[in-house]
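What follows is one structure encoded as structure tokens, with my remarks underneath.
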Amino acid sequence: MTGVTVAMDETRTVFEKGAPGRRAFTCPQLDVPQADGLLPEAFRRTEPARLPELTEPEIVRHYVNLSKRNFDLDSGFYPLGSCTMKHNPRLHERVAGLAGHARLHPLQAPERAQGALELMWNLERALGEVAGLPHVSLQPSAGSHGELAGVLLTRAYHEDRGEERHLVLTPDTAHGTNPATVTMAGYQVVKVATSPDGGVDVEDLRAKATEDVACLMLTNPNTLGVFDPNIEEIAEIVHGVGATLYYDGANLNAVMGQSRPGDMGFDIVHFNLHKSFTQPHGGGGPGSGPIAVSDRIQPYLTVPRIVRDGEGRFDLDYQAPKSIGRLRGFQGNYGTFVRSYAYIRSLGAEGLQDASETAVLNANYLLARLRQLGVADHLPLAFGEHCMHEFVLSGAPMKRELGIKTLDLAKRLLDHGFHPPTVYFPLLVDEALLVEPTETETKETLDAFAEALAAILREAAEDPEKARNAPYTTPVRRLDEAGAAKRPVIRQPL
Amino acid sequence: MSRYTSVTEQDLREMLDAIGVGSVQELFDAQIPAGVRLQRPLDLPAGLPEQDVYAHLRDLAARNVSAEDELTFLGAGMYDHYVPALIDMLTTRSEFLTPYTPYQPEISQGGLQVMFEYQTAISELTALPVSNASVYEGPSAVASAGYLAKLANGRPRIVVSRGVHPHSRETLRTYAHGFGAEVVEVGLRDGVTDPDAWAAAMGDDVSAVVFQQPNFLGAVEDAAALAAAAKPCGAVVVGQYDPIPLGILAPPGACGVDVAVGEGQSLGNRLDFGGPSFGFFAATEAHLRRMPGRIAGETKDVDGRRGFVLTLQTREQHIRREKATSNICTSQALNALAGVVYLTWLGKQGLVELGELLLQRTHYARQALTALDGVEALHEQPVVREFAVRLAAPVDRVIARCQEQGVNPGYALGRDLEEHEDGLLVAITEQRTRADIDRLASVLGAAVAAERVAVTA
Amino acid sequence: MAEASYPDDLLYHPEHDWARIDGDTATCGITWFAQDALGEVVFFDPPEVGSTVTAGEAYAEVESVKAVSDVIAPLSGEILEVNTALGDKPEAINDDPYGEGWMVRVRLSDPSEREALLDQAAYTATLS
Numbered sequence: 118m119t120g121v122t123v124a125m126d127e128t129r130t131v132f133e134k135g136a137p138g139r140r141a142f143t144c145p146q147l148d149v150p151q152a153d154g155l156l157p158e159a160f161r162r163t164e165p166a167r168l169p170e171l172t173e174p175e176i177v178r179h180y181v182n183l184s185k186r187n188f189d190l191d192s193g194f195y196p197l198g199s200c201t202m203k204h205n206p207r208l209h210e211r212v213a214g215l216a217g218h219a220r221l222h223p224l225q226a227p228e229r230a231q232g233a234l235e236l237m238w239n240l241e242r243a244l245g246e247v248a249g250l251p252h253v254s255l256q257p258s259a260g261s262h263g264e265l266a267g268v269l270l271t272r273a274y275h276e277d278r279g280e281e282r283h284l285v286l287t288p289d290t291a292h293g294t295n296p297a298t299v300t301m302a303g304y305q306v307v308k309v310a311t312s313p314d315g316g317v318d319v320e321d322l323r324a325k326a327t328e329d330v331a332c333l334m335l336t337n338p339n340t341l342g343v344f345d346p347n348i349e350e351i352a353e354i355v356h357g358v359g360a361t362l363y364y365d366g367a368n369l370n371a372v373m374g375q376s377r378p379g380d381m382g383f384d385i386v387h388f389n390l391h392k393s394f395t396q397p398h399g400g401g402g403p404g405s406g407p408i409a410v411s412d413r414i415q416p417y418l419t420v421p422r423i424v425r426d427g428e429g430r431f432d433l434d435y436q437a438p439k440s441i442g443r444l445r446g447f448q449g450n451y452g453t454f455v456r457s458y459a460y461i462r463s464l465g466a467e468g469l470q471d472a473s474e475t476a477v478l479n480a481n482y483l484l485a486r487l488r489q490l491g492v493a494d495h496l497p498l499a500f501g502e503h504c505m506h507e508f509v510l511s512g513a514p515m516k517r518e519l520g521i522k523t524l525d526l527a528k529r530l531l532d533h534g535f536h537p538p539t540v541y542f543p544l545l546v547d548e549a550l551l552v553e554p555t556e557t558e559t560k561e562t563l564d565a566f567a568e569a570l571a572a573i574l575r576e577a578a579e580d581p582e583k584a585r586n587a588p589y590t591t592p593v594r595r596l597d598e599a600g601a602a603k604r605p606v607i608r609q610p611l
Numbered sequence: 029m030s031r032y033t034s035v036t037e038q039d040l041r042e043m044l045d046a047i048g049v050g051s052v053q054e055l056f057d058a059q060i061p062a063g064v065r066l067q068r069p070l071d072l073p074a075g076l077p078e079q080d081v082y083a084h085l086r087d088l089a090a091r092n093v094s095a096e097d098e099l100t101f102l103g104a105g106m107y108d109h110y111v112p113a114l115i116d117m118l119t120t121r122s123e124f125l126t127p128y129t130p131y132q133p134e135i136s137q138g139g140l141q142v143m144f145e146y147q148t149a150i151s152e153l154t155a156l157p158v159s160n161a162s163v164y165e166g167p168s169a170v171a172s173a174g175y176l177a178k179l180a181n182g183r184p185r186i187v188v189s190r191g192v193h194p195h196s197r198e199t200l201r202t203y204a205h206g207f208g209a210e211v212v213e214v215g216l217r218d219g220v221t222d223p224d225a226w227a228a229a230m231g232d233d234v235s236a237v238v239f240q241q242p243n244f245l246g247a248v249e250d251a252a253a254l255a256a257a258a259k260p261c262g263a264v265v266v267g268q269y270d271p272i273p274l275g276i277l278a279p280p281g282a283c284g285v286d287v288a289v290g291e292g293q294s295l296g297n298r299l300d301f302g303g304p305s306f307g308f309f310a311a312t313e314a315h316l317r318r319m320p321g322r323i324a325g326e327t328k329d330v331d332g333r334r335g336f337v338l339t340l341q342t343r344e345q346h347i348r349r350e351k352a353t354s355n356i357c358t359s360q361a362l363n364a365l366a367g368v369v370y371l372t373w374l375g376k377q378g379l380v381e382l383g384e385l386l387l388q389r390t391h392y393a394r395q396a397l398t399a400l401d402g403v404e405a406l407h408e409q410p411v412v413r414e415f416a417v418r419l420a421a422p423v424d425r426v427i428a429r430c431q432e433q434g435v436n437p438g439y440a441l442g443r444d445l446e447e448h449e450d451g452l453l454v455a456i457t458e459q460r461t462r463a464d465i466d467r468l469a470s471v472l473g474a475a476v477a478a479e480r481v482a483v484t485a
Numbered sequence: 589m590a591e592a593s594y595p596d597d598l599l600y601h602p603e604h605d606w607a608r609i610d611g612d613t614a615t616c617g618i619t620w621f622a623q624d625a626l627g628e629v630v631f632f633d634p635p636e637v638g639s640t641v642t643a644g645e646a647y648a649e650v651e652s653v654k655a656v657s658d659v660i661a662p663l664s665g666e667i668l669e670v671n672t673a674l675g676d677k678p679e680a681i682n683d684d685p686y687g688e689g690w691m692v693r694v695r696l697s698d699p700s701e702r703e704a705l706l707d708q709a710a711y712t713a714t715l716s
């Protein structure tokens with residue numbers, strides 16, 4: 118019966134399926150005269166790539182069955198902190214699939230791509246309005262790509278004024294992409310401390326903000342879920358030494374229509390279209406990281422830029438002598454612009470404001486429920502009393518009192534049919550659990566999630582082993598990550 | 029409440045009660061300083077019902093001339109290949125479309141296995157042992173390869189052939205200005221990288237060398253020779269490869285290339301006015317721990333089941349922070365899924381057959397066009413899917429005339445290469461039949477003739 | 589190694605590194621505390637034989653699944669030998685940090701530097 122078992126085993130890769138000679142592709146017939154010697158033998162491939170040989174039904178079955186081994190947002194609650202897993206409206210797939218958008222070549226003459234350029238122009242204006250900064254580039258491909266743009270723009274700004282600066286400040290709560298970006302842009306990272314209230318330690322900032330500092334990178338609200346009460350003073354200190362203030366837009370979902378980074382004093386903002394603006398996460402991309410900048414940074418923005426003439430005709434302008442140049446090919450991830458633009462037109466001004474309000478309401482309600490159920494006794498809020506759109510709990514008391522770690526709690530949540538929140542980030546909080554419900558979840562879902570956490574803690578008080586060995590009901594159980602790192606096997610041997 | 033948010037009056041009362049505040053605004057007032065509160069609504073149009081949004085997006089689409097609306101030979105980095113229907117079906121499945129990066133591997137085995145299969149496919153395609161799970165796209169992949177070389181040897185200079193796509197060269201310069209390397213260009217001779225100038229550019233201060241295969245003018249380079257010339261000085265050899273011709277062209281791993289990158293759009297992804305697509309990134313074993321981006325690895329679970337996890341994460345930003353190999357967090361997982369499905373759909377034989385078909389049709393097209401009055405080959409190098417010609421009439425005018433006839437004949441090289449003001453780059457995919465090529469020849473011939481008369485008149 | 593252990597014949601650097609001095613050479617590695625904080629070690633990136641190490645500065649990196657740590661040299665000198673067995677068995681650093689988990693052997697350039705190191709009692713005092 119071995120054959121049947123193997124056929125049912127869905128962990129076989131596509132390279133272990135099929136048979137020689139099978140095919141899904143039908144090559145068009147050669148309809149031109151066959152010519153010989155077109156490619157010198159020395160340039161030819163001698164051994165074909167050992168790609169799989171499957172028919173269409175086999176390919177479909179393989180990938181459809183693989184998909185069923187994935188948890189996804191359409192299927193269940195996904196409260197990953199700082200990821201903003203809000204619903205992905207299906208209208209967006211329909212409009213992104215229209216041939217006029219999907220089959221448009223990036224090098225098509227601008228006169229023949231007026232719809233695309235108008236869409237991008239409108240999206241730029243909308244993002245600029247949300248940010249409170251008028252000059253926008255849609256080019257960066259992801260949040261961290263936008264961060265790189267921001268730090269390179271900062272470099273260009275200082276170099277243009279004849280200044281050589283070497284340092285960039287980031288809080289110790291910063292997402293890892295911030296320091297990684299700083300190094301890629303040729304600067305050195307200096308960490309700024311966090312004060313007990315969860316915001317930037319203003320005195321530490323004052324001491325470190327010298328004229329060798331190019332930029333301070335902040336997220337506001339930050340990764341602790343705290344809106345910095347001293348943001349105006351922080352902006353003054355940073356601008357006072359001639360440095361730029363950069364806003365990591367990962368947490369924008371908390372403040373749309375409530376407060377604008379430009380008004381807080383930021384010079385450069387990046388957006389994550391795959392967070393607040395519903396571009397689906399795709400299992401790890403594609404995303405998009407547009408940036409908005411102030412007047413003083415505008416000259417350095419990437420090229421090409423979308424321009425509009427007096428008659429309302431759009432064009433791409435490549436003439437910008439102080440521009441930092443390009444960060445990628447063509448104009449950016451247009452497919453994500455179509456979806457985000459459809460979202461912004463669907464919601465309008467009121468809807469975006471409602472989204473942020475509901476995001477903050479849902480997070481505070483969930484926190485309140487956890488307090489009511491006694492969950493917060495073992496997993497207290499790390500900072501403050503209320504929160505913005507997300508909150509971070511510390512599992513340190515739970516670990517001491519019940520003997521299970523945040524990791525175990527997360528794995529046991531899988532058995533309850535929920536995707537766990539973000540774990541072990543931010544690093545500043547011991548046994549961190551970062552929870553962001555988003556505005557598209559119902560009260561019933563939030564209640565169910567709170568009940569599940571309470572149930573897991575009650576169970577742990579009786580029998581901590583249950584959580585320590587969880588999960589039990591998933592396609593695989595805990596995996597040997599150390600083994601995977603020690604002896605990496607990153608392709609199928611053939 | 030809206031069509032995406034569900035808080036009813038009753039919900040609101042119960043929730044505010046539990047929180048212990050009188051309104052949501054109280055939560056904002058308590059946490060956001062008054063000086064930075066927005067005191068007016070956002071200046072944006074009011075929201076619209078779904079059908080009105082659809083109508084608006086449809087109207088915008090109608091004002092674009094896509095590959096659906098004209099017979100197109102436009103390439104220069106992205107190509108109008110046929111995307112099989114099963115890819116649309118798979119990339120819109122909830123389970124692939126809506127999850128996040130797989131941080132909980134137990135419930136992400138689908139996505140992680142796709143990454144593993146994708147890495148295997150790219151490794152096979154490039155004949156290099158190590159591939160990551162994708163980067164954003166082609167030009168930034170070239171720039172990332174430059175950063176890898178900087179981490180590897182710390183040298184100050186990168187040598188790049190003028191045959192590399194202009195967007196890749198520009199992106200490399202932008203990144204290099206940040207991480208501290210000088211980019212030096214080597215010109216072309218007879219349509220390929222000038223071998224003497226290339227050899228002369230080598231030195232102990234060279235961190236990496238970069239060439240493109242086929243190059244921006246469609247010519248097949250002598251990749252092995254270019255790589256060999258760089259080996260003695262110890263520079264990292266980077267090749268930007270078009271994946272489609274790798275069925276018939278010697279792969280980078282067989283030519284001495286250390287890092288192979290490229291634009292993956294041709295592999296099952298739409299044109300989408302330039303993105304999203306994906307970039308592939310493959311290398312020799314020696315560079316494994318310097319690779320940017322996510323990597324999936326095979327392992328076992330506690331019960332001995334085969335499974336997959338993100339591995340070698342200590343390279344990445346969330347652990348190594350300022351010492352990371354890149355800052356990549358989100359990459360292009362869904363587009364890479366389309367890529368591996370496409371390569372599986374083509375299959376071992378299909379990729380070869382496609383390459384041979386394109387080789388023959390490209391040759392036929394070059395012959396047909398260069399037989400026209402006022403059209404000459406820009407170079408005589410072997411070509412496999414794209415070629416360059418010179419027109420004896422203003423290129424932009426000729427293109428405009430052709431487009432009036434419903435044919436887009438290709439890319440005006442003068443937009444990027446001032447030495448080729450009269451150049452036109454013509455791309456062939458399997459969707460361009462002999463009849464299509466004959467039509468191109470007819471329309472182009474007439475357009476050139478008309479524009480020559482216009483000039484002399 | 590399940591139980592915390594700090595042999596009394598070793599000298600310790602406050603950043604959780606140990607040295608076993610033998611005449612003018614010393615063998616070095618990381619302490620039980622360091623390996624416990626890291627978790628299961630998956631990769632050790634050794635320095636080259638013949639290169640110089642400086643007391644108080646990092647000479648290598650050690651990685652677990654979720655963390656990277658610098659390995660600090662307790663003493664200065666020239667590297668005579670590195671433990672290449674750790675390439676295949678990095679977990680020896682966890683199982684036997686003072687024995688099979690040794691990392692480098694160094695010819696000391698300034699043996700008087702040992703005065704600045706801590707003995708077992710002084711080091712274990714810093715851990716509480």
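Residue numbers (this note's numbering), protein chains in the order written: chain C, 118 to 611; chain U, 29 to 485; chain L, 589 to 716.
Note that beta-carbon positions come from the ideal geometry of N, C-alpha and C, so glycine has one too.
Every value quoted in this text rests on a predicted model; they were computed, and no experiment measured them.
Less than 8 angstroms between the CB atoms is what I'm expecting for residue i and residue j, so what's the real figure, rounded?
| i | j | result |
| --- | --- | --- |
| C/A466 | C/L208 | Their Cβ separation, rounded to whole angstroms, is 19 angstroms, which puts C/A466 and C/L208 out of contact at 8 angstroms. |
| L/V670 | L/V637 | 6 angstroms |
Candidates the options: which alpha carbon is nearest residue i's?
| i | options | result |
| --- | --- | --- |
| U/E291 | U/V481, U/H193, U/P422 and U/A253 | U/H193 |
| C/C200 | C/T590, C/E507 and C/V546 | C/E507 |
| C/H503 | U/T33, U/R31 and U/A58 | U/A58 |
Residue i by DSSP, collapsed to three states: which one?
| i | result |
| --- | --- |
| L/E645 | coil |
| U/N436 | strand |
| C/T395 | coil |
| U/P223 | helix |
| C/Y458 | helix |
| U/K351 | helix |
| C/H533 | coil |
| U/V93 | coil |
Since residue i is in the alpha helix (DSSP H), which residue starts that stretch and which ends it?
| i | result |
| --- | --- |
| U/Y128 | Careful: U/Y128 lies outside any alpha helix (DSSP H) and carries neither H nor E. |
| U/D45 | E37 to I47 |
What first and last residue would you give for the beta strand (DSSP E) that runs through residue i?
| i | result |
| --- | --- |
| C/Q305 | Q305 to V309 |
Using the Cα positions of residue i and residue j, report the straight-line distance between them to the nearest angstrom.
| i | j | result |
| --- | --- | --- |
| U/P167 | L/D596 | 57 angstroms |
| U/R183 | U/V264 | 10 angstroms |
| C/A367 | U/K259 | 43 angstroms |
| U/A352 | U/Q132 | 22 angstroms |
| C/M373 | C/I461 | 12 angstroms |
Could you tell me if the beta carbon of residue i falls within a distance shorter than 7 angstroms of some heavy atom in the ligand COA?
| i | result |
| --- | --- |
| U/R429 | Ligands in the displayed structure: none, and consequently the ligand COA is not present. |
Using a Cβ-Cβ cut-off of 8 angstroms, state whether residue i counts as contacting chain A.
| i | result |
| --- | --- |
| U/H407 | Judged by its chain identifiers, the structure shown contains no chain A, and its protein chains are C, U and L. |
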